[in-house]
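The structure under discussion appears below in the form of C-alpha cells.
Chains as they are written, first to last, in the numbering used here: chain F, 7 to 273; chain U, 251 to 362.
In C-alpha cells, the structure reads:
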C-alpha cells in the first residue's frame, strides 16, 4: 500500500492520478453514506457498524495520502479498539435501547438538519474555495527514510514533551475508567465462606444433597416425590418447574406410590 | 493530488457528526458522533500534511487518535455509571431523579 502511496506522490502535480481518484470516488461515498447512516440508524448496533465502515474508509484515505502508519493506526485503534469498546457497551446496556422519534424540543430535528447541512456546506465551500487551487507537494522528502521513521523523528525530538504528557494522560484515563466502572460493595454485602457455611448448617436448613424424585417409589415420574426413611414424602425432591407447567391441579399434584397411605399428603 | 476532495469530504463528515450530536439521545450514539467529528478532523490533518512537506499533521493526528482512545474509555465508563444509576442512557433523563427501585424487577411468579 505504501507503494501505491508513493506512486501517487510521484505524480503529485496538478493532475490527479487515476488510481487515486478512482479510490477516492469509490470510498468517499461509502464513508459519507456510513456517516449519514450512522446518525440516522435507529438501532445502536447498526450505527456502530456503519461507523466502523466510515473509519475503515478513512484509514484507506490516510494510506492513500502517504501516511501508511497513521492509516494502520486508524484501522487498529479506531475500528479495532474503540469501535469494539462501543459495541461492548451497547451490548451491556441493552441493544434494544432505541431512540424515540418524539421530539422534546419543538423543531429540534429540523434545526439540527439545517445546522448540520449548513455547517457542512459552509466548511465544504469555504475549503473548496480556499484550497481548491492548492496541490499536494507530497511527502516524498519527509518519507525518504520511510513513513514510520519520519513520524518517529518528529515524535521523539520536537514533540517529546507532548508525547510524554500523552502517555500520562493515557494512564490517568485508564485508572479513571477503572474507578468509574468499578462497583464497590459494602463490607457486609458480600458473604464470606464462614458465613455461608454457618448459614448452611443452621437449624431448619437441610445441608445434605436433595434426594432425586422417585427414590424408594414405584413410579419414576419426575412428579413423584421421594420418600424419606420415615415414610413421608419430601417436597424438596420435586422440581418446582413440574407443577408450574400447564397442568391441572390433579395432574400437577405429586403422585403417590403404592403402599403409601398418605395419599397426596406432602410434608 | 488535489487535496480538495478529502477536505470537502471531511467537512461533510463533520457536518454529519454535528447532526448526530445534536439529534441523538442515546449517550453511546452521541459519543460515536463525537468520534465521527474527530475522524473528520484527522482527515483534514493528514490531508494538510500531504500539502506540506512535513510530518506535523500526521504526528498531530496520532496524538488525536490517542486522546480519542482515552476519551472513549472514560466516556463509556461514565455512560455505564449513568446506566447503573438511571437504568437508561437516554440523555433526556440525565437531570431526572434516579430511578431507585424501578430498575429491579420482581421475579415473575409462575402460576400453576
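Glycine is no exception: its CB is placed at the ideal position from the N, C-alpha and C atoms.
Item                                                                                                                             : Value
Contact set between residue 309 of chain U and chain F, taken where Cβ atoms lie within less than 7 Å                            : 157, 160, 161 and 165
Where the alpha helix (DSSP H) through residue 207 of chain F begins and ends                                                    : No alpha helix (DSSP H) holds residue 207 of chain F; DSSP gives it neither H nor E.
Cutoff 8 Å; reference residue 217 of chain U; Cβ partners in own chain excluding five residues on either side                    : A query on residue 217 of chain U cannot be resolved here, the shown segment of chain U reaching from 251 to 362 and no further.
Host alpha helix (DSSP H) of residue 299 of chain U (start-end)                                                                  : 277 to 301
Cutoff 8 Å: residue 97 of chain F Cβ touching any chain B Cβ                                                                     : Structure shown: chain B not included; protein chains present are F and U.
Backbone secondary structure at residue 36 of chain F - three-state DSSP                                                         : helix
Cross-chain neighbours of residue 115 of chain F in chain U, by beta carbon under 8 Å                                            : 273
Extent of the continuous alpha helix (DSSP H) to which residue 336 of chain U belongs                                            : 306 to 336
Beta carbon proximity, residue 182 of chain F to chain U, threshold 8 Å                                                          : yes
Three-pair Cβ contact test at 8 Å for the stretch 67 to 74 of chain F versus the stretch 298 to 308 of chain U                   : yes
Backbone CA spacing between residue 318 of chain U and residue 212 of chain F [nearest angstrom]                                 : 56 Å
Endpoints, the alpha helix (DSSP H) within which residue 93 of chain F is located                                                : 89 to 99
Interface partners of residue 172 of chain F on chain U, CB under 8 Å                                                            : 313, 316 and 317
Under the three-state DSSP convention, the category residue 232 of chain F falls into                                            : strand
Stretch-stretch touch, CB-based, cutoff 8 Å, three pairs: the stretch 115 to 130 of chain F with the stretch 36 to 44 of chain F : no
Under 7 Å by beta carbon: chain F residues contacting residue 297 of chain U                                                     : 71
Within 8 Å of chain F by C-beta, residues of the stretch 323 to 336 of chain U in sequence order                                 : 323, 324, 326, 327, 328, 329, 330, 331, 333 and 334
Start and end residues, alpha helix (DSSP H) containing residue 265 of chain U                                                   : 254 to 273
Residue 172 of chain F and residue 316 of chain U closer than 8 Å at C-beta                                                      : yes
Alpha-carbon to alpha-carbon, residue 290 of chain U and residue 13 of chain F                                                   : Because residue 13 of chain F sits at a pLDDT of 45, beneath the cut-off of 50, its placement in the model cannot be relied upon, and the following sentence gives the value as read from the coordinates. Looking at the two C-alpha atoms, the distance is approximately 25 Å.
Within chain U, partners of residue 60 of chain F - CB distance below 8 Å                                                        : 263, 286 and 289
Proximity of residue 96 of chain F and residue 296 of chain U at Cβ, strictly below 8 Å                                          : no
Beta-carbon proximity check, residue 312 of chain U vs residue 154 of chain F, cutoff 8 Å                                        : no
Cutoff 8 Å: residue 175 of chain F Cβ touching any chain U Cβ                                                                    : yes
Residue nearest to residue 331 of chain U in terms of C-alpha spacing, selected from F/91, F/183 and F/32                        : F/183
Short CB-CB distance (under 8 Å) between residue 270 of chain U and chain F                                                      : yes
Cβ neighbours of residue 360 of chain U in the same chain (closer than 7 Å, five flanking residues each side left out)           : In this prediction, residue 360 of chain U has a pLDDT of 42, which is less than 50 and means its spatial position is unreliable; nothing more can be read from the coordinates.
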